[in-house]
Amino acid sequence: MKNTKKIILPLLLVVGAILVAVFSNPDVSKTSASDNRTPVVFWHELGGPTEDALEKVVDGFNKSQTKYKVIPKYQGTYDEAIQKILQTHGSSTSPAVFQAFDISTAQMIHSGYIAPVQNFIDQDNYDVSKISPTARAFYANGGKQQGMPFNTSQPVLYYNASLLKKYGITPPPVSPTYSDITRVAKQLYEKSDHKVKGMTVQVYGWLMEQALANSGASIANNNDGHTGNPTEVKLNNEASVKFLEWIRENIKSGDFIDYGSGASAAANQTAGFLADKVGIFIQSSASMSQLQTGNKNELGITYFPHPDGQKANGVAIGGAALWIGNDKPKDVQQGAYEFIKYALKPEVQAQWQKDTGYLALNKDSQKTKILQDLYAKNPVAKVPGQQLAAATPNYFNSGILMEGMQLARQKEEIAMETVYNGGDIKKALAEADKAINESLQTSNKANGYK
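So for the sequence shown, the UniProt record's numbering puts the first residue at 1; every next one is plus one.
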(Lines of atoms letter the chains of each structure in order from A; the text may use other names.)
(Lines give C-alpha, C1' and ligand atoms only; values in the text may rest on other atoms or scores of the structure.)
Protein backbone atom coordinates (compact mmCIF):
# COMPACT_ATOMS: atom_id res chain seq x y z
CA MET A 1 0.00 0.00 0.00
CA LYS A 2 2.81 2.40 0.86
CA ASN A 3 4.48 1.69 -2.48
CA THR A 4 1.16 2.22 -4.28
CA LYS A 5 0.73 5.61 -2.58
CA LYS A 6 4.24 6.55 -3.58
CA ILE A 7 3.38 5.90 -7.23
CA ILE A 8 -0.16 7.34 -7.27
CA LEU A 9 0.58 10.60 -5.46
CA PRO A 10 3.24 11.85 -7.90
CA LEU A 11 1.05 10.70 -10.79
CA LEU A 12 -1.89 12.72 -9.48
CA LEU A 13 0.35 15.77 -9.10
CA VAL A 14 1.54 15.47 -12.70
CA VAL A 15 -2.01 15.01 -14.01
CA GLY A 16 -3.17 17.97 -11.92
CA ALA A 17 -0.38 20.16 -13.26
CA ILE A 18 -1.30 19.23 -16.83
CA LEU A 19 -4.96 20.04 -16.24
CA VAL A 20 -4.07 23.40 -14.69
CA ALA A 21 -1.82 24.22 -17.64
CA VAL A 22 -4.47 23.24 -20.17
CA PHE A 23 -7.37 25.11 -18.62
CA SER A 24 -5.35 28.17 -17.65
CA ASN A 25 -4.03 28.54 -21.21
CA PRO A 26 -6.16 31.29 -22.75
CA ASP A 27 -5.85 29.91 -26.26
CA VAL A 28 -7.08 26.47 -25.23
CA SER A 29 -9.92 27.70 -23.06
CA LYS A 30 -11.12 30.14 -25.70
CA THR A 31 -11.29 27.48 -28.39
CA SER A 32 -12.85 24.74 -26.26
CA ALA A 33 -15.80 22.86 -27.68
CA SER A 34 -18.03 23.97 -24.80
CA ASP A 35 -17.95 27.52 -26.12
CA ASN A 36 -19.87 26.54 -29.30
CA ARG A 37 -18.50 29.59 -31.07
CA THR A 38 -16.34 29.66 -34.19
CA PRO A 39 -12.77 30.56 -33.18
CA VAL A 40 -11.12 33.32 -35.23
CA VAL A 41 -7.36 33.48 -34.60
CA PHE A 42 -6.00 37.03 -34.86
CA TRP A 43 -2.27 37.72 -35.22
CA HIS A 44 -1.03 41.20 -34.35
CA GLU A 45 2.16 43.12 -33.58
CA LEU A 46 0.99 45.58 -30.93
CA GLY A 47 2.63 45.45 -27.51
CA GLY A 48 2.50 47.37 -24.23
CA PRO A 49 -0.37 49.80 -23.59
CA THR A 50 -1.47 49.53 -27.22
CA GLU A 51 -1.95 45.79 -26.80
CA ASP A 52 -4.15 46.50 -23.77
CA ALA A 53 -6.26 48.81 -25.93
CA LEU A 54 -6.46 46.14 -28.62
CA GLU A 55 -7.63 43.60 -26.06
CA LYS A 56 -10.49 45.98 -25.24
CA VAL A 57 -11.53 45.96 -28.90
CA VAL A 58 -11.38 42.17 -29.05
CA ASP A 59 -13.31 41.76 -25.79
CA GLY A 60 -15.93 44.20 -27.01
CA PHE A 61 -16.44 42.20 -30.20
CA ASN A 62 -16.60 38.88 -28.36
CA LYS A 63 -19.23 40.25 -26.00
CA SER A 64 -21.23 41.86 -28.81
CA GLN A 65 -22.32 38.56 -30.40
CA THR A 66 -22.37 34.81 -29.75
CA LYS A 67 -21.31 33.33 -33.08
CA TYR A 68 -17.56 34.04 -33.17
CA LYS A 69 -14.71 34.30 -30.70
CA VAL A 70 -11.62 36.24 -31.74
CA ILE A 71 -8.40 34.95 -30.20
CA PRO A 72 -5.60 37.56 -30.29
CA LYS A 73 -1.97 36.40 -30.45
CA TYR A 74 1.04 38.71 -30.37
CA GLN A 75 3.62 37.88 -33.07
CA GLY A 76 6.53 40.22 -32.42
CA THR A 77 7.69 42.95 -34.80
CA TYR A 78 6.00 43.74 -38.10
CA ASP A 79 8.83 42.12 -40.08
CA GLU A 80 8.78 38.99 -37.92
CA ALA A 81 5.03 38.66 -38.23
CA ILE A 82 5.06 38.98 -42.04
CA GLN A 83 7.47 36.07 -42.33
CA LYS A 84 5.34 33.93 -40.01
CA ILE A 85 2.20 34.77 -41.99
CA LEU A 86 3.81 33.77 -45.29
CA GLN A 87 5.42 30.62 -43.87
CA THR A 88 2.32 29.24 -42.11
CA HIS A 89 -0.26 29.89 -44.82
CA GLY A 90 -2.22 26.74 -45.58
CA SER A 91 -1.39 25.15 -42.24
CA SER A 92 -3.53 24.69 -39.15
CA THR A 93 -1.51 27.34 -37.30
CA SER A 94 -2.09 30.22 -39.75
CA PRO A 95 -4.29 33.13 -38.63
CA ALA A 96 -7.78 33.88 -39.92
CA VAL A 97 -7.24 37.63 -39.60
CA PHE A 98 -3.91 39.37 -39.23
CA GLN A 99 -2.28 42.77 -38.96
CA ALA A 100 0.31 43.69 -41.61
CA PHE A 101 2.10 47.01 -41.81
CA ASP A 102 1.79 49.56 -44.59
CA ILE A 103 4.92 48.81 -46.63
CA SER A 104 4.07 45.10 -46.82
CA THR A 105 0.89 45.86 -48.78
CA ALA A 106 2.29 44.88 -52.19
CA GLN A 107 3.72 41.70 -50.69
CA MET A 108 0.35 40.77 -49.22
CA ILE A 109 -1.50 41.40 -52.48
CA HIS A 110 1.05 39.53 -54.61
CA SER A 111 1.19 36.56 -52.22
CA GLY A 112 -2.23 35.27 -53.24
CA TYR A 113 -2.82 34.39 -49.60
CA ILE A 114 -5.48 36.96 -48.79
CA ALA A 115 -9.23 37.09 -49.29
CA PRO A 116 -9.87 40.69 -50.41
CA VAL A 117 -12.09 42.42 -47.89
CA GLN A 118 -13.92 43.90 -50.89
CA ASN A 119 -15.57 40.50 -51.43
CA PHE A 120 -17.22 40.72 -48.02
CA ILE A 121 -18.05 44.40 -48.40
CA ASP A 122 -19.93 43.66 -51.62
CA GLN A 123 -21.86 40.73 -50.12
CA ASP A 124 -22.75 42.78 -47.05
CA ASN A 125 -23.51 46.03 -48.90
CA TYR A 126 -21.33 47.69 -46.29
CA ASP A 127 -21.02 51.46 -46.66
CA VAL A 128 -17.28 52.12 -46.72
CA SER A 129 -17.75 55.82 -47.48
CA LYS A 130 -17.72 56.49 -43.73
CA ILE A 131 -14.15 55.16 -43.52
CA SER A 132 -11.35 57.60 -44.42
CA PRO A 133 -10.83 57.36 -48.21
CA THR A 134 -7.14 58.30 -47.94
CA ALA A 135 -6.55 55.53 -45.41
CA ARG A 136 -8.49 53.02 -47.50
CA ALA A 137 -6.61 53.95 -50.67
CA PHE A 138 -3.32 52.66 -49.26
CA TYR A 139 -4.73 49.13 -48.97
CA ALA A 140 -6.71 49.08 -52.21
CA ASN A 141 -5.71 47.88 -55.65
CA GLY A 142 -7.59 48.14 -58.92
CA GLY A 143 -10.48 49.83 -57.15
CA LYS A 144 -10.91 46.88 -54.78
CA GLN A 145 -10.28 47.01 -51.05
CA GLN A 146 -7.67 44.35 -50.23
CA GLY A 147 -7.12 44.99 -46.53
CA MET A 148 -8.86 47.40 -44.17
CA PRO A 149 -6.88 50.18 -42.43
CA PHE A 150 -6.81 49.84 -38.65
CA ASN A 151 -4.02 51.37 -36.56
CA THR A 152 -3.45 54.48 -38.64
CA SER A 153 -1.19 57.46 -38.10
CA GLN A 154 -0.13 60.58 -39.98
CA PRO A 155 3.24 62.31 -40.01
CA VAL A 156 2.82 65.70 -38.34
CA LEU A 157 5.05 68.54 -37.22
CA TYR A 158 5.38 69.13 -33.47
CA TYR A 159 6.57 72.40 -31.97
CA ASN A 160 7.13 73.72 -28.47
CA ALA A 161 4.39 76.36 -28.20
CA SER A 162 5.60 77.51 -24.77
CA LEU A 163 9.08 78.33 -26.09
CA LEU A 164 7.64 80.26 -29.01
CA LYS A 165 5.54 82.33 -26.59
CA LYS A 166 8.55 82.90 -24.35
CA TYR A 167 10.58 84.36 -27.21
CA GLY A 168 7.72 86.17 -28.93
CA ILE A 169 7.79 84.03 -32.06
CA THR A 170 4.69 83.68 -34.25
CA PRO A 171 3.82 79.96 -34.55
CA PRO A 172 3.76 78.32 -38.00
CA PRO A 173 0.41 78.09 -39.81
CA VAL A 174 -1.64 74.89 -39.75
CA SER A 175 -0.39 73.83 -43.21
CA PRO A 176 3.13 75.29 -43.29
CA THR A 177 5.61 75.64 -46.13
CA TYR A 178 9.27 74.78 -45.76
CA SER A 179 10.09 78.47 -45.36
CA ASP A 180 7.44 78.87 -42.64
CA ILE A 181 9.27 76.30 -40.56
CA THR A 182 12.68 77.71 -41.39
CA ARG A 183 11.55 81.13 -40.16
CA VAL A 184 10.44 79.75 -36.79
CA ALA A 185 13.52 77.54 -36.42
CA LYS A 186 15.97 80.36 -37.12
CA GLN A 187 14.16 82.81 -34.83
CA LEU A 188 14.08 80.30 -31.99
CA TYR A 189 17.79 79.57 -32.37
CA GLU A 190 18.77 83.23 -32.48
CA LYS A 191 16.39 84.57 -29.81
CA SER A 192 17.42 81.83 -27.36
CA ASP A 193 21.08 82.87 -27.81
CA HIS A 194 21.71 79.53 -29.48
CA LYS A 195 20.57 77.62 -26.40
CA VAL A 196 17.72 75.95 -28.28
CA LYS A 197 18.17 74.35 -31.68
CA GLY A 198 15.35 75.34 -33.99
CA MET A 199 14.51 72.02 -35.64
CA THR A 200 15.42 68.45 -36.50
CA VAL A 201 14.27 65.91 -39.06
CA GLN A 202 15.12 62.32 -38.21
CA VAL A 203 16.99 60.29 -40.79
CA TYR A 204 13.95 58.17 -41.62
CA GLY A 205 12.95 56.97 -45.09
CA TRP A 206 9.27 57.27 -44.23
CA LEU A 207 9.67 61.04 -43.81
CA MET A 208 11.35 61.41 -47.20
CA GLU A 209 8.51 59.44 -48.79
CA GLN A 210 6.00 61.73 -47.10
CA ALA A 211 7.80 64.80 -48.42
CA LEU A 212 7.36 63.45 -51.95
CA ALA A 213 3.72 62.58 -51.33
CA ASN A 214 2.97 66.08 -50.05
CA SER A 215 4.72 67.49 -53.11
CA GLY A 216 2.56 65.44 -55.48
CA ALA A 217 5.54 63.39 -56.64
CA SER A 218 6.06 59.66 -56.99
CA ILE A 219 9.06 57.54 -56.08
CA ALA A 220 8.32 54.52 -58.27
CA ASN A 221 6.94 54.34 -61.79
CA ASN A 222 3.46 53.06 -62.65
CA ASN A 223 2.10 55.67 -60.24
CA ASP A 224 3.94 54.29 -57.22
CA GLY A 225 2.74 50.81 -58.16
CA HIS A 226 -0.97 51.60 -58.20
CA THR A 227 -1.34 51.00 -61.94
CA GLY A 228 1.22 48.23 -62.37
CA ASN A 229 4.14 46.60 -60.63
CA PRO A 230 7.02 49.10 -60.27
CA THR A 231 10.02 48.49 -62.50
CA GLU A 232 11.98 51.65 -61.71
CA VAL A 233 12.54 54.01 -58.79
CA LYS A 234 13.62 57.63 -59.16
CA LEU A 235 14.43 59.32 -55.87
CA ASN A 236 16.61 61.81 -57.69
CA ASN A 237 13.73 64.12 -58.54
CA GLU A 238 12.78 67.75 -57.94
CA ALA A 239 10.66 67.04 -54.84
CA SER A 240 13.42 65.08 -53.09
CA VAL A 241 15.99 67.73 -53.93
CA LYS A 242 13.78 70.53 -52.53
CA PHE A 243 13.20 68.56 -49.32
CA LEU A 244 16.91 67.96 -48.76
CA GLU A 245 17.84 71.51 -49.76
CA TRP A 246 15.43 72.74 -47.08
CA ILE A 247 17.17 70.60 -44.48
CA ARG A 248 20.61 71.64 -45.77
CA GLU A 249 19.65 75.33 -45.44
CA ASN A 250 18.85 74.86 -41.74
CA ILE A 251 21.99 72.83 -41.14
CA LYS A 252 24.09 75.66 -42.57
CA SER A 253 22.22 78.21 -40.43
CA GLY A 254 23.17 76.31 -37.29
CA ASP A 255 19.57 75.92 -36.10
CA PHE A 256 19.37 72.20 -37.03
CA ILE A 257 20.39 69.28 -34.83
CA ASP A 258 20.99 65.80 -36.25
CA TYR A 259 19.90 62.90 -34.04
CA GLY A 260 20.78 60.27 -36.64
CA SER A 261 18.66 57.26 -37.58
CA GLY A 262 16.98 54.30 -35.91
CA ALA A 263 15.03 53.74 -32.71
CA SER A 264 17.63 55.43 -30.52
CA ALA A 265 17.49 58.53 -32.73
CA ALA A 266 13.73 58.73 -32.32
CA ALA A 267 14.05 58.36 -28.55
CA ASN A 268 16.82 60.98 -28.31
CA GLN A 269 14.86 63.35 -30.52
CA THR A 270 11.84 63.09 -28.24
CA ALA A 271 14.00 63.54 -25.15
CA GLY A 272 15.66 66.60 -26.67
CA PHE A 273 12.29 68.13 -27.50
CA LEU A 274 10.93 67.55 -24.00
CA ALA A 275 14.12 69.00 -22.48
CA ASP A 276 13.84 72.25 -24.52
CA LYS A 277 16.94 71.43 -26.55
CA VAL A 278 15.12 71.53 -29.87
CA GLY A 279 11.88 73.32 -30.72
CA ILE A 280 10.51 71.53 -33.81
CA PHE A 281 10.48 68.00 -35.16
CA ILE A 282 8.42 65.75 -37.43
CA GLN A 283 7.11 62.37 -36.32
CA SER A 284 4.07 60.09 -36.28
CA SER A 285 0.83 61.40 -34.81
CA ALA A 286 0.86 58.27 -32.65
CA SER A 287 3.63 59.95 -30.61
CA MET A 288 1.25 62.61 -29.32
CA SER A 289 0.32 60.99 -26.02
CA GLN A 290 3.99 60.36 -25.22
CA LEU A 291 4.80 64.00 -25.91
CA GLN A 292 2.08 65.24 -23.59
CA THR A 293 2.63 62.93 -20.64
CA GLY A 294 4.59 64.86 -18.04
CA ASN A 295 5.37 67.65 -20.50
CA LYS A 296 5.54 71.01 -18.72
CA ASN A 297 5.23 72.85 -22.05
CA GLU A 298 2.28 73.46 -24.33
CA LEU A 299 2.44 71.21 -27.40
CA GLY A 300 1.82 72.68 -30.84
CA ILE A 301 0.97 70.57 -33.90
CA THR A 302 0.75 71.41 -37.59
CA TYR A 303 0.38 69.45 -40.80
CA PHE A 304 3.47 68.03 -42.52
CA PRO A 305 5.23 70.95 -44.31
CA HIS A 306 5.15 71.33 -48.09
CA PRO A 307 7.35 73.11 -50.65
CA ASP A 308 6.93 76.83 -51.18
CA GLY A 309 4.91 77.93 -54.18
CA GLN A 310 2.65 74.89 -54.33
CA LYS A 311 -0.37 73.55 -52.52
CA ALA A 312 0.02 70.62 -50.13
CA ASN A 313 -1.03 67.38 -51.83
CA GLY A 314 -1.54 65.50 -48.58
CA VAL A 315 0.59 62.80 -46.99
CA ALA A 316 0.17 59.05 -46.85
CA ILE A 317 -0.76 57.16 -43.72
CA GLY A 318 1.44 55.03 -41.52
CA GLY A 319 0.53 52.03 -39.39
CA ALA A 320 -1.09 48.79 -40.49
CA ALA A 321 -4.21 47.13 -41.86
CA LEU A 322 -6.27 44.07 -41.04
CA TRP A 323 -6.24 41.29 -43.63
CA ILE A 324 -8.25 38.08 -44.02
CA GLY A 325 -6.45 34.82 -44.83
CA ASN A 326 -7.97 32.80 -47.68
CA ASP A 327 -6.92 29.41 -46.30
CA LYS A 328 -9.66 29.19 -43.68
CA PRO A 329 -13.24 27.89 -44.01
CA LYS A 330 -15.83 30.39 -45.20
CA ASP A 331 -17.46 30.72 -41.79
CA VAL A 332 -14.11 31.58 -40.20
CA GLN A 333 -13.38 34.14 -42.91
CA GLN A 334 -16.81 35.63 -42.30
CA GLY A 335 -16.00 35.89 -38.60
CA ALA A 336 -12.78 37.71 -39.48
CA TYR A 337 -14.75 40.19 -41.55
CA GLU A 338 -17.32 40.73 -38.79
CA PHE A 339 -14.47 41.55 -36.40
CA ILE A 340 -12.97 44.04 -38.85
CA LYS A 341 -16.36 45.68 -39.31
CA TYR A 342 -16.82 45.92 -35.54
CA ALA A 343 -13.36 47.44 -35.09
CA LEU A 344 -14.36 50.27 -37.45
CA LYS A 345 -17.56 51.23 -35.63
CA PRO A 346 -17.65 54.93 -34.63
CA GLU A 347 -17.54 54.38 -30.86
CA VAL A 348 -14.87 51.68 -31.12
CA GLN A 349 -12.66 53.88 -33.31
CA ALA A 350 -13.18 56.86 -31.01
CA GLN A 351 -12.09 54.89 -27.96
CA TRP A 352 -9.17 53.45 -29.96
CA GLN A 353 -7.93 56.97 -30.76
CA LYS A 354 -8.29 58.08 -27.15
CA ASP A 355 -6.46 55.01 -25.83
CA THR A 356 -3.64 54.80 -28.39
CA GLY A 357 -3.21 58.04 -30.32
CA TYR A 358 -3.96 56.26 -33.60
CA LEU A 359 -6.57 58.05 -35.68
CA ALA A 360 -10.29 57.28 -35.65
CA LEU A 361 -11.04 56.30 -39.26
CA ASN A 362 -14.83 56.35 -39.12
CA LYS A 363 -16.06 59.87 -39.88
CA ASP A 364 -18.90 59.47 -37.38
CA SER A 365 -16.34 58.97 -34.61
CA GLN A 366 -15.84 62.73 -34.56
CA LYS A 367 -19.42 63.14 -33.31
CA THR A 368 -18.96 60.84 -30.32
CA LYS A 369 -18.73 62.17 -26.79
CA ILE A 370 -15.45 60.32 -26.39
CA LEU A 371 -13.65 62.46 -28.96
CA GLN A 372 -15.57 65.63 -28.23
CA ASP A 373 -14.40 65.41 -24.63
CA LEU A 374 -10.86 64.61 -25.74
CA TYR A 375 -10.73 67.65 -28.04
CA ALA A 376 -12.22 69.92 -25.38
CA LYS A 377 -9.42 68.93 -23.03
CA ASN A 378 -6.72 68.75 -25.70
CA PRO A 379 -7.57 70.79 -28.82
CA VAL A 380 -4.42 69.88 -30.77
CA ALA A 381 -5.45 66.22 -30.70
CA LYS A 382 -7.78 66.91 -33.61
CA VAL A 383 -5.06 68.24 -35.95
CA PRO A 384 -3.77 64.90 -37.34
CA GLY A 385 -7.31 63.77 -38.12
CA GLN A 386 -8.01 67.08 -39.83
CA GLN A 387 -4.92 66.63 -41.99
CA LEU A 388 -6.13 63.15 -42.97
CA ALA A 389 -9.62 64.41 -43.77
CA ALA A 390 -8.30 67.33 -45.82
CA ALA A 391 -6.40 65.14 -48.28
CA THR A 392 -7.98 63.91 -51.50
CA PRO A 393 -6.69 60.40 -52.30
CA ASN A 394 -4.47 60.17 -55.35
CA TYR A 395 -1.59 58.00 -56.51
CA PHE A 396 0.98 60.14 -54.69
CA ASN A 397 -0.53 60.09 -51.18
CA SER A 398 -1.87 56.53 -51.23
CA GLY A 399 1.33 54.72 -50.39
CA ILE A 400 3.93 52.90 -52.46
CA LEU A 401 2.83 49.46 -53.67
CA MET A 402 6.26 47.97 -54.18
CA GLU A 403 7.94 44.93 -52.69
CA GLY A 404 11.29 45.48 -51.03
CA MET A 405 10.35 48.75 -49.36
CA GLN A 406 12.41 47.87 -46.28
CA LEU A 407 15.58 47.90 -48.39
CA ALA A 408 14.44 51.02 -50.25
CA ARG A 409 14.11 52.85 -46.95
CA GLN A 410 17.61 51.84 -45.93
CA LYS A 411 18.97 53.39 -49.12
CA GLU A 412 16.84 56.50 -48.65
CA GLU A 413 18.33 56.91 -45.19
CA ILE A 414 21.88 56.50 -46.47
CA ALA A 415 21.17 59.32 -48.92
CA MET A 416 19.78 61.50 -46.12
CA GLU A 417 22.79 60.84 -43.90
CA THR A 418 25.14 61.69 -46.77
CA VAL A 419 23.40 65.04 -47.25
CA TYR A 420 23.34 65.77 -43.51
CA ASN A 421 27.10 65.24 -43.50
CA GLY A 422 27.65 67.68 -46.36
CA GLY A 423 27.50 65.36 -49.36
CA ASP A 424 26.13 66.32 -52.77
CA ILE A 425 22.33 65.98 -52.82
CA LYS A 426 21.81 64.77 -56.37
CA LYS A 427 24.75 62.39 -56.23
CA ALA A 428 23.45 60.85 -52.97
CA LEU A 429 19.98 60.40 -54.46
CA ALA A 430 21.40 58.93 -57.68
CA GLU A 431 23.39 56.37 -55.69
CA ALA A 432 20.26 55.41 -53.78
CA ASP A 433 18.39 55.00 -57.07
CA LYS A 434 21.10 52.72 -58.45
CA ALA A 435 21.06 50.44 -55.40
CA ILE A 436 17.27 50.28 -55.14
CA ASN A 437 16.79 49.62 -58.85
CA GLU A 438 19.35 46.84 -58.91
CA SER A 439 17.51 45.15 -56.06
CA LEU A 440 14.13 45.79 -57.68
CA GLN A 441 15.18 44.23 -60.97
CA THR A 442 16.49 41.14 -59.20
CA SER A 443 13.30 40.85 -57.12
CA ASN A 444 11.00 41.32 -60.13
CA LYS A 445 12.90 38.69 -62.11
CA ALA A 446 12.78 36.22 -59.21
CA ASN A 447 9.05 36.76 -58.75
CA GLY A 448 8.28 36.56 -62.47
CA TYR A 449 7.09 40.17 -62.70
CA LYS A 450 7.54 42.09 -65.92
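Even glycine gets a Cβ: it sits at the ideal position worked out from N, Cα and C.
Treat the numbers as computed from the prediction; the structure is a model and nothing was measured.
Item, Value
"In the segment 229 to 273, which residue ranges form an unbroken beta strand (DSSP E) of at least 3 residues, counting only runs that do not cross its ends?", "none"
"Identify which residue in M416, P116, W206 and G422 has its Cα closest to the Cα of I283.", "Rather than Ile, the amino acid found at residue 283 in this sequence is Gln. Ranking the options by Cα distance to Q283, first place goes to W206."
"Suppose the cutoff is 7 Å on Cβ atoms and the five residues either side in sequence are ignored; what does the same chain contact list for Y358 look like?", "N151, T152, S153, A286, G319 and W352"
"Which same chain residues, not among the five before or five after S261, have their C-beta less than 6 Å away from its C-beta?", "V203 and E413"
"Alpha helix (DSSP H) containing P346: first to last residue?", "P346 to T356"
"Straight-line CA distance for A415 to A432?", "6 Å"
"Looking at the structure shown, is G198 part of a helix, part of a strand, or coil, going by DSSP?", "strand"
"To test your reading of the DSSP string, which unbroken alpha helix (DSSP H) runs of 4 or more residues are found completely within the segment 270 to 352?", "288 to 292 and 330 to 343"
"Suppose the cutoff is 8 Å on Cβ atoms and the five residues either side in sequence are ignored; what does the same chain contact list for P49 look like?", "D355 and T356"
"Could you give the DSSP three-state label for Q118: helix, strand or coil?", "helix"
"Among the residues of its own chain, which have a CB less than 6 Å from the CB of G335, if the five just before and after it don't count?", "T38, V40 and Y68"
"Does the beta-carbon of Q118, which I'm using as the reference point, lie nearer than 6 Å to any heavy atom of the ligand COA?", "Of ligands this structure carries none, so the ligand COA is not represented either."
"In whole angstroms, what is the alpha-carbon distance linking L440 and E417?", "22 Å"
"So, using beta-carbon positions, are residue 451 and A360 closer together than 7 Å?", "A query on residue 451 cannot be resolved here, the shown segment of the chain reaching from 1 to 450 and no further."
"Which partner residues does K69 have in the DSSP bridge list?", "P39"
"For P329, which of G90, P72 and Q83 has the nearest alpha-carbon?", "G90"
"Quick one: grab the DSSP three-state call for Q145.", "strand"
"In whole angstroms, what separates the C-alpha of W43 from that of G325?", "11 Å"
"Within 10 Å of its beta-carbon, does S29 have 16 or more other beta-carbons around it, so buried, or fewer, so exposed?", "Here S29 scores only 36 on pLDDT, less than 50, and its place in the model is too uncertain to base an answer on."
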